[in-house]
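> This is the structure I want to talk about, given as structure tokens.
Protein chains: 2
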Amino acid sequence: MNLELLRELSVPAESKILLLVIDGLGGLPNESGRSELEQAHIQRLDRLAQESLCGLTVPVGVGVTPGSGPGHLALFGYDPEKYTVGRGVLEALGIDFDLQSTDLAARGNFCTVDTDGKITDRRAGRIETKHSAPLCDRLSSIKLPGVQVFVEPVKDHRFLLVLRGEGLSDQVTDADPQRVGAKPMLSRALSPEAEPTAKLINDWVAQAQKLLRNEHPANMLTLRGIAKHPPMPSLPEICKFRAAAIAAYPMYRGLAKLVGMDVLKTGATFADEIATLKAHWDSYDFFFIHFKRADAAGEDGDFQEKVAALEEIDTHIDDLHELQADVFMVAGDHSTPAVVAGHSWHPVPFLFHAKNFNPGDTTQGFNEKACAVGSLGTFPAKEVLSLAMAYAGRLTKYGA
Amino acid sequence: MNLELLRELSVPAESKILLLVIDGLGGLPNESGRSELEQAHIQRLDRLAQESLCGLTVPVGVGVTPGSGPGHLALFGYDPEKYTVGRGVLEALGIDFDLQSTDLAARGNFCTVDTDGKITDRRAGRIETKHSAPLCDRLSSIKLPGVQVFVEPVKDHRFLLVLRGEGLSDQVTDADPQRVGAKPMLSRALSPEAEPTAKLINDWVAQAQKLLRNEHPANMLTLRGIAKHPPMPSLPEICKFRAAAIAAYPMYRGLAKLVGMDVLKTGATFADEIATLKAHWDSYDFFFIHFKRADAAGEDGDFQEKVAALEEIDTHIDDLHELQADVFMVAGDHSTPAVVAGHSWHPVPFLFHAKNFNPGDTTQGFNEKACAVGSLGTFPAKEVLSLAMAYAGRLTKYGA
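Chains as they are written, first to last, in the working numbering: chain E, 1 to 400; chain Y, 1001 to 1400.
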């Protein structure tokens, strides 16, 4: 159901919902013919699947490979085609930058231009962070009238630009031709109200160009994904529950904050995250807990490391299950098959364990093939929250 | 497909469609680990399932527990989120009140107020119908300028108020605070055109208050779900067929009438309904026949009675099948698991038997788990009609 209907039907209750997101959970067979989940020894997940409802979630749509933003927003109940998060905002979330609702954020790339000013390398040879960070420091000296300017290194050639002030508009185009051989472009206003913003951005780029022109290898930059913190309805308000997020990585904390969850302070390991979960168990109704290692391994194309990551999370399943949430879900934001070495469009295994009114299933284990014939079928990830709310006794009847 | 496309594609034909709705069909396992359908001896349904296409229908949306209105409208092809029926209208349908399209209907509750006029019991101790009916008689003496007023007992503390006249608006709020300790509220107009209607309602409530003030235990009332007969496109017009409804219970007859079906006079038992069906077999193309007992048993939380109800309907399956409809469907408007003792959000077993072009299936029997892996999958109930129309040879090609 959509968020409007969810808001209408939701009622407060005493129940608890626990959502474990294994980042990049889904995989594909390697030459052995078996996927990461099929090769991993995950007896706890396999056993839990046999007492649960299973299926496959489609993060955004058939064939759509999602980024982390849409992948998570869908699991939080937000239609990822309707609620979009600009790249600039995601970069800000990713480095824990405290973005305000009126801030304008852009993703910056250091690049290399020739003597004509045409781009020769869009990433300046993927210049390392230790070299790009001092460039960010230099750029921080640029002043603009009426707004504060922040320039923060992200990673390698990537940085974050934030303008803070009144009346900034995100109705501006990228200052990035996105191809070699072209000159960096000016940002253009898409509406009359955005003219002053476009001018500020282009002033900043012009000043930056002067500061960088004699640097090497990065002697220029481009800006894209110029965006504001999107207005998101608050999940706790919609669902009438207290929601907490536990994630070691900043971007996931940021996404949770965007939808109104309380972000709990935690440590760097998943064991730390579990300790945080247990410490706050009585204070919240909904918990999102995030496990990153599986995605990182998939991105690196490291099949055995992804298997190991899945085996690691399996050792924590009993700890989570023993908390006896009314609804315990194991989900992924998207697939990151090691054989793809990146995110993919494949539907993602999903396990739904309800304490009450659980009809049971005939799923044999927790992997892509077993979940494909689970009773939940292949369904949109944005429905996960509604299902949880229903089984947690948090929805009233629709219609008389 | 939606009703607009269905209207565009439908063509007349000689074929017949039979839709059996087993009210509250879906269930859940009890401590035995098996659901009502799994425990029931329903060899005719099980056998038919093996020669049919099976699946699970989602009445409204994932996690949504539907009332009878949306549950049936979906099976009739209407998007239950788009076409809603107000509570006042449903109450009118439920007692066979002949509601006109300009009538305004409200669901009334007799309640108890203290000397300050604050509600102390929202249902006046669930006052019995034999006590509330005379109160309705007394309230029928209230006159309002320019409109006719009807007050009809429904059941226990519930009654129906209908205003009949020109220019009545349903853009008014409930006259019901829905909580103990508050005073009954005035109805408020949501648009300027609705002001006279709100005034009429509040006048009526004020007069009712005087009439009831010395009664016991019900000395006041509240009104909610103030609604008009919603404008519904006509199913026979959309589908170019003659449609008949056979239902012993008034509410289901009323819902069928709302969408333009002819309601056939029938008796109190399902055997009566079948006799009516047979008697009119040649006169219609589409039949909706309703079986109530399964829902009633589920609502009562009586697992064995629900099993018995399912075994009863099974004894009629051959009778229905032998009519040789081109399409014979066995569906439920929603699940009413005995372990829930009420409606639930669980998808509902669905059996689709087509005489022609039936691709076959591997479904083993008619129950929740078997249907979950049927070839129709888990799909929205509002698509049932389109499927039937196609197999009945009543839809032309889309696009060249």
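Positions of the beta carbon are idealized from the N, C-alpha and C atoms, including for glycine.
As the structure is a computational prediction, the values presented were derived from the model and not from experiment.
Under the rule that 16 or more other beta-carbon atoms within 10 Å means buried, what is H1216(Y), buried or exposed?
H1216(Y) is exposed by the Cβ-count criterion.
> Under the rule that 16 or more other beta-carbon atoms within 10 Å means buried, what is Y1284(Y), buried or exposed?
Around the beta-carbon of Y1284(Y), 16 or more other beta-carbon atoms lie within 10 Å, marking it buried.
> Less than 6 Å between C-beta atoms, sequence neighbours within five positions excluded: which residues of the same chain meet that for F1303(Y)?
N1030 and A1338
> According to DSSP, is V1327(Y) part of a helix, a strand, or is it coil?
strand
> Beta-carbon within less than 6 Å of L1258(Y)'s beta-carbon, same chain only, minus the 5 sequence neighbours each way: which residues are those?
M1232
> Tell me the rounded alpha-carbon separation between A271(E) and V205(E).
44 Å
> Between the segment 219-228 of chain E and the segment 181-199 of chain E, do three or more beta carbon pairs fall short of 8 Å?
yes
> List the endpoints of the continuous beta strand (DSSP E) containing V1149(Y).
Q1148 to K1155
> Take R179(E) as the anchor and find which of T222(E), P236(E) and E166(E) has the nearest alpha-carbon.
T222(E)
> Apart from the five residues just before and just after G125(E), which ones in its own chain have a Cβ nearer than 6 Å to its Cβ?
When the five nearest sequence neighbours on each side are left out, the beta carbons in the same chain lying within less than 6 Å of the beta carbon of G125(E) are those of P217, in order along the chain.
> Since M232(E) is in the beta strand (DSSP E), which residue starts that stretch and which ends it?
Taken as a continuous stretch (DSSP letters only), M232(E) belongs to no beta strand (DSSP E), as it is neither H nor E.
> Applying a beta-carbon distance threshold of less than 9 Å, which residues of chain E neighbour H1290(Y)?
In chain order: nothing, as chain E lies at least about 17 Å away.
> Name the residue from V151(E), A390(E), V147(E) and K183(E) whose alpha carbon lies nearest to the alpha carbon of S169(E).
V147(E)
> Excluding five sequence neighbours on each side, which residues of the same chain lie with their C-beta closer than 6 Å to the C-beta of K1183(Y)?
Here the set comprises G1117 and K1118.
> Could you check whether the segment 155-175 of chain E touches the segment 234-243 of chain E, counting it as contact only if at least three pairs of C-beta atoms, one from each stretch, sit closer than 8 Å?
no
> Got a sec: which bits of the segment 1360-1390 of chain Y sit with their beta carbon under 7 Å from any beta carbon on chain E, in order along the chain?
E1368, K1369, A1372, V1373, G1377 and T1378
> Which one or two residues does DSSP pair with R1164(Y) in a beta bridge?
Q1148(Y)
> Measuring CB to CB, does P349(E) end up less than 8 Å from L37(E)?
yes
> Classify F366(E) as helix, strand or coil using the three-state DSSP reduction.
coil
> Could you check whether the Cβ of F357(E) sits closer than 8 Å to any Cβ belonging to chain Y?
yes
> At 4 residues or longer, and completely inside the segment 1032-1063 of chain Y: list those alpha helix (DSSP H) runs for me, N to C.
1036-1039 and 1043-1050
> Give, in chain order, every residue of the segment 62-90 of chain E whose Cβ lies closer than 7 Å to some Cβ of chain Y.
none
> Contact between the segment 1083-1093 of chain Y and the segment 388-400 of chain E is defined here as three or more beta-carbon pairs at a separation below 8 Å; is this criterion met?
yes
> If contact is defined by three or more beta carbon pairs under 8 Å, each pair taking one atom from either stretch, is the segment 91-107 of chain E in contact with the segment 249-264 of chain E?
The segment 249-264 of chain E is in contact with the segment 91-107 of chain E.
> Given G260(E), which residues of its chain have a CB within under 6 Å of its CB, disregarding the five upstream and five downstream residues?
S234, L235 and P236
> Put T1120(Y) into one of helix, strand or coil per three-state DSSP.
strand
> For a contact defined as C-beta to C-beta under 7 Å, what are the partners of M329(E) on chain Y?
Contact annotation for M329(E) against chain Y: no contact, minimum CB-CB distance about 13 Å [criterion: below 7 Å].
> Of all the alpha helix (DSSP H) runs that stay within the bounds of the segment 1166-1227 of chain Y, which reach a length of 4 or more residues?
1195-1212
> Do E322(E) and the ligand PLP come close, with the Cβ less than 7 Å from some heavy atom?
The ligand PLP is not part of this structure, which contains no ligands at all.
> Measure from the alpha carbon of P134(E) to the alpha carbon of each residue in L3(E), H157(E), P145(E) and T266(E), then state which is nearest.
H157(E)
> Are the CB atoms of H1290(Y) and F1328(Y) nearer to each other than 8 Å?
no
> Quick check: is the beta carbon of G1225(Y) nearer than 8 Å to any beta carbon in chain E?
yes
> Establish whether the CB of H1346(Y) and some CB of chain E are separated by less than 8 Å.
yes
> Considering only residues of the same chain and omitting the five flanking positions on each side of V384(E), which have a CB-CB separation below 6 Å?
L75
> So, does the CB of A400(E) fall closer than 8 Å to a CB anywhere in chain Y?
yes
> Assuming L1056(Y) contacts T1378(Y) under a Cβ cut-off of 8 Å, what Cβ separation, rounded to an integer in Å, is found between them?
The Cβ separation is near 4 Å, so the contact holds.
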